[in-house]
Amino acid sequence: GGFAEYVAVPARACYLVPEHLTDTQAAFVEPLSCVIHALKRLRVWPGDEVLIFGAGPMGLLLVQAIRHSGASQIVVVEKEQERRNLALGMGATIAIAADPDFTKMLFDRAPYGYAIVIDATGVPAVIQQALRFLKPRGQYLQFGVAPKGVTVQWQPYEIFHKDWTLIGSFALCYTFQPAVAWLANHVVEIEPLVSH
Numbered sequence: 034g035g036f037a038e039y040v041a042v043p044a045r046a047c048y049l050v051p052e053h054l055t056d057t058q059a060a061f062v063e064p065l066s067c068v069i070h071a072l073k074r075l076r077v078w079p080g081d082e083v084l085i086f087g088a089g090p091m092g093l094l095l096v097q098a099i100r101h102s103g104a105s106q107i108v109v110v111e112k113e114q115e116r117r118n119l120a121l122g123m124g125a126t127i128a129i130a131a132d133p134d135f136t137k138m139l140f141d142r143a144p145y146g147y148a149i150v151i152d153a154t155g156v157p158a159v160i161q162q163a164l165r166f167l168k169p170r171g172q173y174l175q176f177g178v179a180p181k182g183v184t185v186q187w188q189p190y191e192i193f194h195k196d197w198t199l200i201g202s203f204a205l206c207y208t209f210q211p212a213v214a215w216l217a218n219h220v221v222e223i224e225p226l227v228s229h
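So the sequence shown is numbered by the working numbering: it starts at 34 and just counts up by one.
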């Protein structure tokens, strides 16, 4: 009693969803599962400075998830004011407009770069310049979905010399139940992400 059965891919796996989870919360189980999978691949250490490009729904889920990881600051770059406001309300330390001055503002916050840089936009022009903000031994997470066949130019020597870790994160992997638990216990809030 008290639980409804939820069948998800793979078909043989069953997940228990509490009956008190709203339909809106349940709709976020899959997107949040993707975020949890990304965090399982990424290693956030206490005190890390995190930079996230993009504050769409997935970027905002990342902000909330990383807020609980021990990062010392979460800086978000986003072109839309409303999304920047949401990012601040969900745990970002600062939300910077993607305008011509944003580079200076980012280095003012972290002169040596960020321990973690995340692309949550999928925009090739954003991805192209993301590594310039990564400190030595930092981690870069490609979370946003770029168009298939698009390329960016990075320098292999820089990746080698700065000892960077580049991480991809595709979809989810046995992370539905943690997502359900996060939603059921309000670790992340999704209501502000829904317009109608």
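Ideal placement from N, C-alpha and C gives every residue a C-beta, glycine not left out.
No experiment lies behind these values; they were computed from the predicted model shown.
Would you give the residue range spanned by the alpha helix (DSSP H) that residue i belongs to?
i, result
"Q210", "209 to 217"
"T57", "56 to 60"
"L94", "90 to 100"
"E52", "It is not in any alpha helix (DSSP H) - E52 carries neither H nor E in the DSSP assignment."
"I160", "157 to 163"
"P180", "Taken as a continuous stretch (DSSP letters only), P180 belongs to no alpha helix (DSSP H), as it is neither H nor E."
"H194", "189 to 194"
When burial is assigned at 16 or more other CB atoms within 10 Å of the CB, is residue i buried or exposed?
i, result
"G87", "buried"
"F183", "The identity of residue 183 in the sequence shown is Val, whereas the question assumes Phe. Counting Cβ neighbours within 10 Å, V183 comes out exposed, since fewer than 16 surround it."
"E115", "exposed"
"L94", "buried"
"G92", "buried"
"T55", "exposed"
"A212", "buried"
"A148", "buried"
"A120", "buried"
"L65", "buried"
"H229", "exposed"
"E38", "Bear in mind that a pLDDT of 42 at E38, under 50, signals an unreliable position, so the number given afterwards is only what the model happens to contain. Classification for E38: exposed."
"F193", "exposed"
"A128", "buried"
Taking a contact to mean a Cβ-Cβ separation below 8 Å, would you say residue i touches residue j in this structure?
i, j, result
"V68", "S102", "no"
"D132", "R170", "no"
"Q161", "V178", "no"
"D81", "A104", "yes"
"Q97", "G124", "yes"
"G146", "F166", "yes"
"A223", "I151", "A quick correction: the sequence has Ile, not Ala, at residue 223. No, the pair does not count as a contact, with Cβ atoms beyond the cut-off."
"L75", "Q172", "yes"
"L199", "V62", "no"
With DSSP collapsed to three states, give me the class of residue i.
i, result
"K137", "helix"
"E201", "Reading off the sequence shown, one finds Gly at residue 201, where the question assumed Glu. Looking at G201 - three-state DSSP - the assignment turns out to be strand."
"V83", "strand"
"E111", "strand"
"A128", "strand"
Note the first and the last residue of the continuous beta strand (DSSP E) segment covering residue i.
i, result
"A148", "147 to 152"
"P169", "167 to 175"
Under the assumption that residue i contacts residue j (Cβ atoms under 8 Å), give the Cβ distance between them as a whole number of angstroms.
i, j, result
"L174", "E191", "Wrong, their Cβ atoms sit about 17 Å apart, outside the cutoff."
"L226", "P90", "5 Å"
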